[in-house]
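Undergrad: Here you go, one structure.
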Amino acid sequence: MTLRIGDIAPDFEVETTEGRLRFHDWIGSSWAVLFSHPKDFTPVCTTELGYMAKLKPEFERRNVKVIGLSVDPVDSHAKWAADIKETQGHAPNYPLIGDLISRSPSFTRCCRRKRAAPRRAARLRTIRRCVT
Amino acid sequence: MRNVIVIGPDKKIKLIIAYPMTTGRNFDEVLRVIDSLQLTAKHRVATPVNWKQGEDVIIAGSVSDEEAKKIYPQGWKAPRPYLRIVPQPK
């Protein structure tokens with residue numbers, strides 16, 4: 200499944216750095232921005248996540264909730280947040296979804312790294328077999 | 003991959019932008035697009051190139067000239083019949 204403009208966004212229940220949430224319930228009557236990054240502790244994303252934290256009031260002013268996503272687990276996101284604060288001046292002040300693979304294959308196909316490591320690819324296949 | 007997805011209160015996807023690994027995103031552009039998405043969800047208008055909040059907008063093609071006269075009694079600029087420019091609705 201490829202995501203297209205006009206499609207209903209996939210719904211899923213996930214762990215985030217701000218606790219467990221169900222995506223559509225979390226959006227509620229707001230707008231939402233979901234932005235994915237390939238991996239924690241990578242340089243470009245470090246600058247992006249810091250800047251997004253700085254810009255968050257502008258999203259709030261427009262009634263837009265912000266949420267980040269990568270395949271890494273929540274405890275890894277939390278460790279990375281300290282680096283982001285130190286180097287960019289702003290720690291993420293929005294939830295980061297951890298390890299979405301098992302929850303929403305369609306989002307994962309859209310957002311995961313192009314060439315997953317073989318071990319991760321094998322794990323993905325296993326999880327997909329369980330989910331679909 | 004590095005993607006940005008904007009979702010509306012109706013849970014529908016409104017925007018998808020994909021970036022390669024080596025190019026960081028421009029989140030100010032995402033805010034600009036959200037201003038356009040929210041405006042055009044509320045009013046039957048479209049936003050032109052590089053539009054920013056407060057600038058003139060284009061009357062949507064789905065609005066006939068007869069309808070447009072009711073909505074914009076003060077009229078509009080039309081350098082071409084298909085390009086009808088009005089101030090941003092409040």
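Here the protein sequences line up with chains A and B, keeping their order.
Per this note's numbering, the first sequence starts with residue 200, numbered consecutively.
Per this note's numbering, the second sequence starts with residue 3, numbered consecutively.
All C-beta atoms in this analysis are idealised placements derived from N, C-alpha and C, irrespective of residue type, glycine included.
Every value quoted in this text rests on a predicted model; they were computed, and no experiment measured them.
(1) First and last residue of the beta strand (DSSP E) that includes proline 242 of chain A?
(2) Would you check if the distance between the CB atom of valine 65 of chain B and the CB atom of valine 35 of chain B is smaller than 8 Å?
(3) Kindly indicate the opening and closing residues of the beta strand (DSSP E) around alanine 231 of chain A.
(4) Establish whether the CB of valine 6 of chain B and some CB of chain A are separated by less than 8 Å.
(5) Considering Cα atoms alone, identify which of A/Asp274, A/Leu268, A/Thr245 and A/Asp239 is closest to arginine 285 of chain A.
(6) Let me know the secondary structure DSSP gives lysine 44 of chain B once reduced to three states.
(7) Leaving out five residues before and five after glutamate 214 of chain A in sequence, what residues of the same chain have Cβ atoms less than 6 Å from its Cβ?
(8) Going by C-alpha to C-alpha distance, which of A/Ile204, A/Leu248 and A/Glu259 sits closest to tryptophan 279 of chain A?
(9) State the start and end residues of the unbroken alpha helix (DSSP H) segment that holds alanine 275 of chain A.
(10) Let me know if arginine 4 of chain B comes out buried or exposed under the rule of 16 or more other beta-carbons within 10 Å of its beta-carbon.
(11) Is isoleucine 226 of chain A close to chain B? Criterion is C-beta to C-beta, closer than 8 Å.
(12) May I ask which residues mark the beginning and end of the alpha helix (DSSP H) holding alanine 20 of chain B?
(13) Comparing alpha-carbon positions, which option in A/Asp271, A/Pro291, A/Lys253 and A/Asp282 lies nearest aspartate 30 of chain B?
TA: With the structure as the only source:
(1) Looking at the DSSP string, proline 242 of chain A is not in any beta strand (DSSP E); the run it does join, the alpha helix (DSSP H), is 242-260.
(2) no
(3) Its beta strand (DSSP E) spans residues 230-235.
(4) Output row for valine 6 of chain B: interface = yes.
(5) First, the residue type needs correcting, since residue 285 of chain A is glutamate and not arginine in the sequence shown. Checked all of A/Asp274, A/Leu268, A/Thr245 and A/Asp239; the closest Cα to glutamate 285 of chain A is A/Thr245.
(6) Reduced to three states, the DSSP call for lysine 44 of chain B is helix.
(7) Val273 and Gly297
(8) A/Leu248
(9) It should be pointed out that residue 275 of chain A corresponds to serine in this sequence rather than to alanine. 273-287 is the span of the alpha helix (DSSP H), which, as asked, contains serine 275 of chain A.
(10) buried
(11) yes
(12) Here alanine 20 of chain B belongs to no alpha helix (DSSP H); instead the beta strand (DSSP E) covers 15-21.
(13) A/Lys253
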